[in-house]
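A.B. asks:
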Amino acid sequence: MNPVCFSIVVPLYNTPETFLREMLESVRMQTYKNWQLCLADGSDQEHSYVQTVCEDYIKRDDRICYRKLDENRGISENTNACIDMAVGEYIALFDHDDLLHPSALFE
Numbered sequence: 017m018n019p020v021c022f023s024i025v026v027p028l029y030n031t032p033e034t035f036l037r038e039m040l041e042s043v044r045m046q047t048y049k050n051w052q053l054c055l056a057d058g059s060d061q062e063h064s065y066v067q068t069v070c071e072d073y074i075k076r077d078d079r080i081c082y083r084k085l086d087e088n089r090g091i092s093e094n095t096n097a098c099i100d101m102a103v104g105e106y107i108a109l110f111d112h113d114d115l116l117h118p119s120a121l122f123e
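Residue numbers for the sequence shown, in this note's numbering: 17 to 123.
1. Hey, quick one: how far does the alpha helix (DSSP H) through Val66 stretch, first residue to last?
2. Taking just the CA atoms, how far does Asp78 sit from Met101?
3. Are Val66 and Leu53 closer than 8 Å when you measure CB to CB?
4. What would DSSP say about Leu55, mapped onto helix, strand or coil?
5. Rounded C-beta distance between Leu109 and Val20? I'm assuming under 8 Å.
6. For a minimum of 4 consecutive residues, which ranges assigned as the alpha helix (DSSP H) are wholly contained in the segment 22-53?
7. Three or more C-beta pairs closer than 8 Å, one from the segment 105-120 and one from the segment 72-87: is that the case here?
8. Ignore the nearest five residues each way along the sequence and tell me which others in Cys70's own chain have a CB closer than 6 Å to its CB.
What follows is the structure, given as C-alpha cells:
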C-alpha cells in the first residue's frame with residue numbers, strides 16, 4: 017500500500033524573501049516525506065525574486081510545483097491555481113508566511 021500524499025497549496029503574492037525561504041524550508045524538513053508543494057505566484061514585477069527563489073527550490077526538490085500567474089487573482093483564485101496542480105489524496109491549505117512543525121504531516 018502506498019502512503020497517503022498531501023498536496024500543500026500555497027498562493028504567493030509579493031512574499032518577503034525571508035518568509036518565503038522559511039516557509040519552503042519548513043515544508044522540506046517534514047519527517048513525513050510523501051508530500052507535494054504547489055505554489056501559484058501572482059507577484060508583481062517588483063517582486064520577481066519570488067519566482068527566482070521558487071525555481072531554485074524546484075531544482076533541489078522535485079516535490080515542489082510552481083506556476084507563475086499572468087496576474088494576481090486574489091487569494092481564492094490563486095489557491096485554485098494551486099489546487100489545479102495538486103495530485104495528493106489530501107489538500108492542505110497553507111499561507112505564504114506560515115511555518116510547519118517538522119512532524120505536522122506525520123501527526
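We treat Cβ as the ideally placed atom computed from N, Cα and C, and that holds for glycine.
C.D. replies: Considering the structure as presented:
1. Working through the sequence shown from its first residue, we reach residue 66 at position 50. Its alpha helix (DSSP H) spans residues Tyr65 to Arg76.
2. Here the question's residue 101 lines up with position 85 in the sequence shown. Here the question's residue 78 lines up with position 62 in the sequence shown. Taking the straight line joining both Cα atoms gives about 13 Å.
3. Sequence index remark: in the sequence shown, residue 66 carries index 50 (1-based). Sequence index remark: in the sequence shown, residue 53 carries index 37 (1-based). No.
4. Sequence index remark: in the sequence shown, residue 55 carries index 39 (1-based). Note: Leu55 maps to strand in three-state DSSP.
5. The residue labelled residue 109 in the question sits at position 93 within the sequence shown. The residue labelled residue 20 in the question sits at position 4 within the sequence shown. Going by Cβ atoms, the distance from Leu109 to Val20 rounds to 17 Å, so no, they are not a contact pair.
6. 33-44
7. no
8. Here residue 70 corresponds to residue number 54 of the sequence shown, with the count starting at 1. Counting only Cβ-Cβ distances below 6 Å, and skipping sequence neighbours, we find Leu55 and Tyr82.
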